[in-house]
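See structure below.
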Amino acid sequence: MPTFRTYDDAELHYRVLGPADSPRAPLLCLAGGPGRDAAYLGDLGGLSGRRPLIVPDSRGTGDSPTAADPSRYAFPRLAEDIEALRAHLGLERFALLAHSAGAAVAQAYAAAHPQRLNRLVLVCPGSRLQGELPDDAREIFAARRDEEWWPEAAAAVRQLAEVTDLDEVRRLLLAAAPLGYGRWEEPQRAHAATQGEQLGPVPRAGFWQGVDEQAMGAVLEGLRRVECPVLVVTGDRDGMAGMRAGELVAESFPHAQVRPLHAVGHYPWVDEPELFGQAVEEFLHAS
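Under this note's numbering, think of the first position of the sequence shown as 463, with each following residue one higher.
Written out as C-alpha cells, the structure reads:
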C-alpha cells in the first residue's frame, strides 16, 4: 500500500483502485464514521471500474498509525492531511468525494483550499457543521416500522445512548444497522457485518473535539467562496442522516445541487450501485 508524508511528518497510507491507464481523472474518496476504516467504501459499487479511486486511510484507521496528538483527529486537521496527499500525488486540481462524516472533512478542505477542487461530491452528509440536526431521519426510520427487523433495531437505537462497553456497542450497532439501508437483504447484511471491526473509537472521539462554534463558523464562511460545482447525494430511506441534512449542506455552497435517490439508504452504492455510479459519473462529466 502506498504512503505519503503529511504536515507533521506522519506517514499515512492510501489505496489506489481501478485502472492505472484510465483516461479519466482520479477521484479522491473519504470515508466517514467518523473514524471508520475506509474498507467499508469497497469500490463504491463499481465506480472504480469507471475511473481510478484514491482512498486514504485517515489517522488511526486502516493501515495508518494513530496520532500522537489527539487534536489531529479533529476534522479540520484531517483536511490538512488531504492537502498533503494532493501535493504528494502532484494534482493541481482534483475531484473529491466524501461519505457521511467524511463530508465534514471535505467541507473543511473546500473552505481552506477552494482553488484545488474542480468537483465535490458529498454522499449522505450530516449537518452538524451547519448547526442543525433535522429529525426527518427519525421519521424515515419510523415509517418502516412494519418491516420485520424494525422492533430489534428500534430497541438497539434506544440502548446505544446509554452503553459504553465497546463490544456491546458493536452488537447494538449491528442490530440497528438496517436503518441505514434501503432494504435488508444479503448485500446489505454482509456490508453491515463489517462495521464493528472497522470502528476506531479514539479517532471517532477526537473528530469533533476542540472544534468550537468559531471554528465551524469559519468553515461555513469559507464555503461561500467555493466556486466548483457540488453534488449532494441523499437517500429517501436514509434513517441515519435523513434527507434534509443534505439540503442544508447544499445551501452552504454557491453552486450545489441535491440528487435524491429512491429506495436508497445511507450507503447508496450498496443499495443501488448502478444508480449511484450513474449519478456520480454524470456529475463528474457535466460541463
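A virtual CB, placed ideally from N, CA and C, is assigned to each residue, including glycine.
Quick one: residues in its chain with C-beta nearer than 7 Å to the C-beta of residue 628, no 5 flanking neighbours on either side, listed in chain order? Excluding sequence neighbours, residue 628 sits near 663.
Compare the C-alpha of residue 697 against each of 724, 717 and 490 and name the closest. Comparing Cα positions, the closest option is 724.
Residue 625 versus residue 631: straight-line alpha-carbon distance, rounded: Note on geometry: alpha-carbon atoms of residue 625 and residue 631 lie some 6 Å from one another.
Taking the alpha-carbon of residue 474 as reference, which of 532, 547 and 717 has the nearest alpha-carbon? A check of alpha carbon separations from residue 474 across 532, 547 and 717 identifies 547 as the nearest.
Give the range of the alpha helix (DSSP H) segment to which residue 747 is assigned. Here the alpha helix (DSSP H) through residue 747 covers 735–747.
Checking 8 Å against the spacing of the C-beta atoms, do residue 742 and residue 583 come in under that value? Taking 8 Å as the Cβ cut-off, residue 742 and residue 583 qualify as a contacting pair.
Count the other CB atoms, across all protein chains shown, that sit within 10 Å of the CB of residue 592; report buried if there are 16 or more and exposed otherwise. So residue 592 counts as buried.
For residue 728, does the count of other Cβ atoms within 10 angstroms reach 16, so buried, or fall short, so exposed? The residue is buried, with at least 16 neighbouring Cβ atoms inside 10 Å.
Can residue 503 and residue 493 be called in contact, C-beta distance under 8 Å? With contacts defined as CB atoms closer than 8 Å, residue 503 and residue 493 qualify as a contacting pair.
Select from 568, 621, 566 and 643 the residue whose C-alpha is nearest the C-alpha of residue 611. Looking at the Cα atoms, 643 is the closest of the given residues.
Considering only DSSP beta bridges, list what residue 561 is partnered with. Answer by DSSP bridge pairing, in chain order: 585.
Please tell me whether, using a cut-off of 7 Å, the distance from the CB of residue 507 to the nearest non-hydrogen atom of the ligand FAD is below it. With respect to the ligand FAD, the structure shown offers nothing to examine, as it has no ligands at all.
Counting Cβ pairs, one atom from each stretch, are 3 or more of them under 8 Å apart for the stretch 666–673 and the stretch 524–534? A contact exists between the stretch 666–673 and the stretch 524–534.
Please state the DSSP three-state secondary structure of residue 623. DSSP places residue 623 in coil when its eight states are reduced to three.
Taking the alpha carbon of residue 685 as the point to measure from, which residue in 577, 747 and 585 has its own alpha carbon closest? A check of alpha carbon separations from residue 685 across 577, 747 and 585 identifies 577 as the nearest.
Compute the Euclidean distance between the alpha carbons of residue 542 and residue 574, then round it to the nearest angstrom. Across the structure, residue 542 and residue 574 are spaced so that their CA atoms are roughly 9 Å apart.
Checking 8 Å against the spacing of the C-beta atoms, do residue 507 and residue 480 come in under that value? In this structure, the beta-carbon distance from residue 507 to residue 480 does not fall below 8 Å.
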